[in-house]
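The next block holds one structure in the form of structure tokens; read it before the comments.
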Amino acid sequence: MKMQSNNVFVFIKLLTLLSLFVLSASQDFDFFYFVQQWPGSYCDSKQGCCYPSTGKPASDFGIHGLWPNRDDGSYPSNCDSSNPFDISKISDLTSRMQSEWPTLACPSNNGLAFWGHEWDKHGTCSESVLNQHSYFATALGLKNEINLLQALKSAGIQPNGQKYSLSSIESAIQDASGYTPGIECNNDSSGNSQLYQIYLCVDSSASGFIQCPVFPRGRCGSSIEFPTF
């Protein structure tokens with residue numbers, strides 16, 4: 381009887397270890413980057429931009445993506461080719477996607493290629509916590525939680541083509557959100573550094589913002605432009 385009990389204990393322990401292994405294998409990331417981009421900076425660059433087929437987007441930050449990431453700065457990508465992007469799964473979100481997650485790639489298009497790329501490369505790596513619909517719905521919800529443009533405007537930082545200190549941009553977002561942002565810059569057609577993308581971090585269950593464990597390389601100077609759009 382004692383040997384039988386020991387065998388049961390060992391079996392249960394093995395099952396527990398196996399379940400932990402399966403869980404860790406299925407969730408190969410530690411947090412998410414939630415990335416928004418300024419359309420004026422995307423367009424004011426050497427490659428330029430094209431407005432989507434639905435028309436010019438609003439003068440506001442647009443979603444770039446929700447990206448699973450690891451604490452060491454690496455990230456998984458293209459995790460499940462058997463579950464490709466399917467627009468029918470997010471048909472109820474399409475109108476919001478067009479306004480809050482617009483494409484600026486050329487030639488002008490309806491955004492499906494952009495959204496499909498984000499799902500195939502990043503979304504498929506979050507399937508342990510988000511299915512295809514919840515992946516996009518979660519990103520839309522996160523955008524509404526923190527109004528980046530209003531946070532900057534409230535601090536006197538306007539998209540008017542003027543230069544602002546990187547530290548003032550970071551402080552404005554931190555004061556409004558409670559979290560330190562990662563800032564990424566690109567260069568305009570004249571080579572000037574400008575505010576391009578803002579990174580905020582989200583916990584591994586995609587349930588809320590957290591302080592970033594690691595920041596992306598921003599390539600920003602101490603003083604950067606905030607171009608019009």
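First residue of the sequence shown? That's 381 in our numbering, and the numbers climb one at a time after it.
No residue lacks a Cβ here, since even glycine has one placed at the ideal position from N, Cα and C.
- Task: With a 10 Å radius around its C-beta and 16 neighbouring C-beta atoms as the bar for buried, classify serine 603 as buried or exposed.
- Result: exposed
- Message: Rounded to the nearest angstrom, what separates lysine 533 and aspartate 424 at their Cα positions?
- Response: 20 Å
- Message: Please state whether the Cβ-Cβ distance between isoleucine 467 and leucine 446 is less than 8 Å.
- Response: no
- Query: Are there 16 or more other CB atoms within 10 angstroms of the CB of alanine 531, so buried, or fewer, so exposed?
  - Reply: buried
- Message: If distances are taken between C-alpha atoms only, which option among Glu498, Ser439, Ile590, Pro464 comes closest to tyrosine 617?
- Response: This structure gives no information on residue 617, because the portion of the chain shown stretches from 381 to 609.
- Message: Taking the alpha helix (DSSP H) that lysine 501 belongs to, which residues open and close that run?
- Response: 492-501
- Boundaries (first-last residue) of the beta strand (DSSP E) holding tyrosine 515: Tyrosine 515 -> not in any beta strand (DSSP E); alpha helix (DSSP H) instead, spanning 512-525.
- Query: Under the DSSP definition of a beta bridge, which residues are partnered with serine 603?
  - Reply: Ser545
- State the beta-bridge partners of leucine 575 as determined by DSSP. Cys565
- Query: Measuring CA to CA, which of Ser479, Asn566, Lys426 is closest to leucine 520?
  - Reply: Ser479
- Message: Please return the same chain residues whose Cβ sits closer than 7 Å to the Cβ of glutamine 417, not counting the five positions on each side in sequence.
- Response: Phe441, Gly442, His444, Tyr576, Gln577
- Query: When the distance is taken between beta carbons, is glutamine 574 closer than 8 Å to proline 607?
  - Reply: yes
- Query: Which residue's Cα is closest to the Cα of cysteine 486: Ser433, Tyr413, Ala556?
  - Reply: Ser433
- Query: Would you call cysteine 430 buried or exposed, if buried means 16 or more other Cβ atoms sit within 10 Å of its Cβ?
  - Reply: exposed
- Top-ranked residue by Cα proximity to asparagine 426, from Gln538, Gln554, Asp568: Note on identity: in this sequence residue 426 is lysine, with asparagine being the wrong assignment. Out of Gln538, Gln554, Asp568, Asp568 has the C-alpha closest to the C-alpha of lysine 426.
- Task: Please name the residue, chosen from Leu522, Gly558, Phe411, that lies closest to aspartate 452 on a Cα-to-Cα basis.
- Result: Phe411
- What residues in its chain sit with their C-beta under 8 Å from that of aspartate 555, if we drop five residues either side in the sequence? Ala531, Ala535
- Query: Between lysine 393 and the rest of its own chain, which residues show a CB-CB distance below 8 Å, the 5 nearest in sequence each way excluded?
  - Reply: Any reading at lysine 393 must be qualified, since the residue scores a pLDDT of 47, below 50, and its modelled position is unreliable; the value itself is stated next. Hits under 8 Å: none found.
- Whose C-alpha, out of Ile553, Ser584, Pro482, is nearest the C-alpha of leucine 510? Ser584
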